[in-house]
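Heads up: the sequence shown is residues 113 to 562, going by this note's numbering.
Everything below concerns the one structure shown next.
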Amino acid sequence: MPIRKPHSPLAVLATTGMLAVAGGEARAAGFQLTEQSVTGLGRAFAGAGVVGDDLSSVVFNPAGMTLLSGAQAQAGLTAVLIDGKIKGSSTRQGTFTGGPFAGRPIPGFSAVESGSGDGGAEGYVPNVFFVTEINDRLRLGLGINGLFGLKTDYPDDWFGRYHARLSDVKTIDINPSLAWRIDEHWSLGAGLSAQYIEATLSQSVFNPLDQANDGTAKVDGDDWNYGWNLGVMYELSRDTRFGLSYRSGIDQELDGDLKISGLSGAAAANNGKSEAKAEVDLPATVYLSGYHRLNPRWALTGGVRWTDWSKFQELRIQSVGRPDSVTDEDWKDNWRFALGVEHYYSPAWTLRAGLAYDTTVIRDDEHRTPRIPDGDRTWLSFGGSYRPQKNLSVDFGYTHIFVREGDLDNTVNIAALRTPAGPVVVSDRLVGELDDAGADLFGVQVQYRF
Numbered sequence: 113m114p115i116r117k118p119h120s121p122l123a124v125l126a127t128t129g130m131l132a133v134a135g136g137e138a139r140a141a142g143f144q145l146t147e148q149s150v151t152g153l154g155r156a157f158a159g160a161g162v163v164g165d166d167l168s169s170v171v172f173n174p175a176g177m178t179l180l181s182g183a184q185a186q187a188g189l190t191a192v193l194i195d196g197k198i199k200g201s202s203t204r205q206g207t208f209t210g211g212p213f214a215g216r217p218i219p220g221f222s223a224v225e226s227g228s229g230d231g232g233a234e235g236y237v238p239n240v241f242f243v244t245e246i247n248d249r250l251r252l253g254l255g256i257n258g259l260f261g262l263k264t265d266y267p268d269d270w271f272g273r274y275h276a277r278l279s280d281v282k283t284i285d286i287n288p289s290l291a292w293r294i295d296e297h298w299s300l301g302a303g304l305s306a307q308y309i310e311a312t313l314s315q316s317v318f319n320p321l322d323q324a325n326d327g328t329a330k331v332d333g334d335d336w337n338y339g340w341n342l343g344v345m346y347e348l349s350r351d352t353r354f355g356l357s358y359r360s361g362i363d364q365e366l367d368g369d370l371k372i373s374g375l376s377g378a379a380a381a382n383n384g385k386s387e388a389k390a391e392v393d394l395p396a397t398v399y400l401s402g403y404h405r406l407n408p409r410w411a412l413t414g415g416v417r418w419t420d421w422s423k424f425q426e427l428r429i430q431s432v433g434r435p436d437s438v439t440d441e442d443w444k445d446n447w448r449f450a451l452g453v454e455h456y457y458s459p460a461w462t463l464r465a466g467l468a469y470d471t472t473v474i475r476d477d478e479h480r481t482p483r484i485p486d487g488d489r490t491w492l493s494f495g496g497s498y499r500p501q502k503n504l505s506v507d508f509g510y511t512h513i514f515v516r517e518g519d520l521d522n523t524v525n526i527a528a529l530r531t532p533a534g535p536v537v538v539s540d541r542l543v544g545e546l547d548d549a550g551a552d553l554f555g556v557q558v559q560y561r562f
């Protein structure tokens, strides 16, 4: 059936699934980052904030800063290497949505592609902290790190290119904090966060008027917004303590551009740049952690974290002159459980190990997307600290993350146009499964005590 040029040659339905973040499947569930400490990495972040052997309590539980003395600085970097293939197929189909043939498929748009798409990427998560002792009861700290992030990157010609190609989201969180030791048992802490977020997302654009040549849709956006965190720590004795902390959610409103390029023929009228915006509701977290020193050589650590990912129900991208792009996320809350062990081998060396289980935010196959092919995760961690001198320590850690395999079954509308027989919508159904998904994390960190 011939296709005539519509009044708007092609309604491009692009930019679906904008935040569905450096290596999505490598971090905590969703696109939350946990890697704010290389010391913590070595024990799978069990006991985060109350162990007292590094400065990351600024972000995990500010009350834990009362365990530190003098003035200290810390800087570290964690490299994340991600493996994640999706094996499966995509089925493209045009369907009449009105007129005498409503609901019937239209010839000329049917196509099936299959294969494997590798969205694995590498990312780097830095941390910088400074904590100083104001007096014997007060501590002031500052942390600069990333709390959320994503990067998945698929080949331009993979079979799921209309669903996702590049997803790259970064955050920078500036977190000044204050801690107060009330007495020998209780400490309180509080902080403020100034958070910057930057996102770049792309995917291919189907051109029904020239099916051999795809276009590209790319969204860029950023924003600043603010939040806060609170913490309390109870020390039963010098060898046993517990902490409870809360970090507020931050609602980011990204402003940027939608750029469509590469469309040819009559569809080329859709090329160009327009203003775009999206609201992203980043979740609150609650962290319960503990530390117990068994004897001079050994200690146990533990932690449970809850993240309010159920607030992330949809992603809506608005752009001038185009219909909203809406992705139904329907995420569920995330739970993370961790256990760790510390071995104080000598005054110069501390060794550690940890195990953690991180639940997925994805409710079902229809809500798992190639931007975040999320699944339950098991962390196996090892690390240590070396102190060549009293005021200097070098920390290192390694984690392998095992990601439980899962299936995807997503259908998105990729184009809309008019024909003499009625309006048509072209959809693409992506069906696949995660294959050999996992990640390796390597971290190194330096602490200096002035």
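All C-beta atoms, glycine included, are put in the ideal place defined by N, C-alpha and C.
All values reported here derive from a predicted model rather than from experimental measurement.
What span of residues does the beta strand (DSSP E) with residue i cover, start to end?
i	result
Val317	298-317
Asp285	278-293
Lys263	261-265
Phe241	234-245
Ala583	Any question about residue 583 goes unanswered here, given that the chain covers just 113 to 562.
His455	446-455
Arg405	397-405
Glu225	217-230
Arg541	534-561
Phe354	352-359
For the alpha helix (DSSP H) that contains residue i, what are its first and last residues?
i	result
Thr151	150-153
Thinking just about the alpha-carbon of each residue, which of the options is nearest to the one in residue i?
i	options	result
Glu347	Val162, Gly544, Tyr399	Val162
Val515	Lys197, Trp340, Gly466	Lys197
Ser305	Trp336, Met345, Gly211	Trp336
Thr283	His275, Gly261, Trp298	Gly261
Gly220	Glu545, Tyr510, Ser539, Phe143	Ser539
Gly355	Asn173, Leu546, Gly555	Asn173
Ala396	Gln315, Ala380, Pro482, Leu259	Leu259
Thr523	Gly159, Gly206, Gln144, Asn257	Gly206
Glu147	Asn239, Thr264, Arg359	Asn239
Arg542	Gly200, Gln184, Ile362	With the sequence shown as reference, residue 542 is identified as Leu, and Arg is not the correct amino acid for it. It is Gly200 whose Cα lies nearest to the Cα of Leu542.
Gly495	Phe554, Asp470, Ala329	Phe554
Ser357	Asp363, Ser497, Leu400	Leu400
Lys389	Arg483, Gly333, Ile309	Gly333
Phe241	Asp195, Gly327, Val281, Val150	Val150
Asp195	Gly402, Glu517, Asn525, Gln559	Glu517
Asp470	Ser431, Gly415, Val432	Gly415
His297	Thr352, Phe508, Lys385	Thr352
Leu412	Ser222, Gly402, Leu278, Asp420	Gly402
Asp420	Ser279, Val398, Arg409, Glu225	Val398
For residue i, which residues in the same chain have their Cβ closer than 7 Å to its Cβ, ignoring the five residues on either side in sequence?
i	result
Ser422	Trp443, Lys444, Asp445
Leu193	Glu234, Ala551, Asp552
Val317	Val124, Ala126, Asp326, Gly327, Thr328, Ala329, Ile372, Leu375
Asp393	Gly361, Asp363, Lys423, Phe424
So what's residue i in DSSP terms, helix, strand or just coil?
i	result
Leu375	coil
Asn173	coil
Lys330	strand
Trp517	Note on identity: in this sequence residue 517 is Glu, with Trp being the wrong assignment. Note: Glu517 maps to coil in three-state DSSP.
Ala381	helix
Lys199	strand
Ser497	strand
Thr146	coil
Lys502	coil
Ser422	helix
Thr209	coil
Thr178	helix
His563	Only positions 113 to 562 of the chain appear in this structure, which leaves residue 563 out of reach.
Val416	strand
Pro121	Here Pro121 scores only 33 on pLDDT, less than 50, and its place in the model should not be relied on; the value that follows carries that caveat. Coil, per DSSP.
Ser349	strand
Please list, in chain order, all residues of the same chain as residue i whose beta carbon is under 6 Å from its beta carbon, the five residues on each side excluded.
i	result
Arg499	Ala460, Ser505
Phe157	Thr146, Ala450
Gly368	Asp332, Gly333, Ala388
Gly136	Because Gly136 sits at a pLDDT of 38, beneath the cut-off of 50, its placement in the model cannot be relied upon, and the following sentence gives the value as read from the coordinates. Closer than 6 Å at the Cβ level, and outside the excluded window around Gly136, lie Phe143, Leu262, Thr264, Ile484.
Ile286	Ile256, Ala306
Gln430	Lys389, Asp436
Give a yes or no on whether 8 Å exceeds the smallest Cβ distance from residue i to chain C.
i	result
Phe143	Going by chain labels, chain C is absent from the structure shown, which holds only one protein chain.
Enumerate in chain order the residues of its own chain whose CB-to-CB distance from residue i is below 8 Å, with the five nearest sequence positions on each side excluded.
i	result
Gly210	Gly534, Pro535
Ser181	Glu245
Tyr236	Ala134, Leu189, Thr190, Ala191, Val192
Glu441	Ala132, Phe424, Gln425, Glu426, Leu427, His479
Run the proximity test for residue i: is its beta-carbon closer than 7 Å to any non-hydrogen atom belonging to the ligand PLP?
i	result
Gly339	Absent from the structure shown: the ligand PLP. Ligands present: none.
* Inspect the CB distances between the region 268-281 and the region 292-305 and report whether three or more fall short of 8 Å. => By the Cβ test, the region 268-281 is not in contact with the region 292-305, since fewer than three Cβ pairs between them sit closer than 8 Å.
* Asked: At a cut of 8 Å, does the region 243-259 reach the region 451-460 through at least three beta carbon pairs?
  -> no
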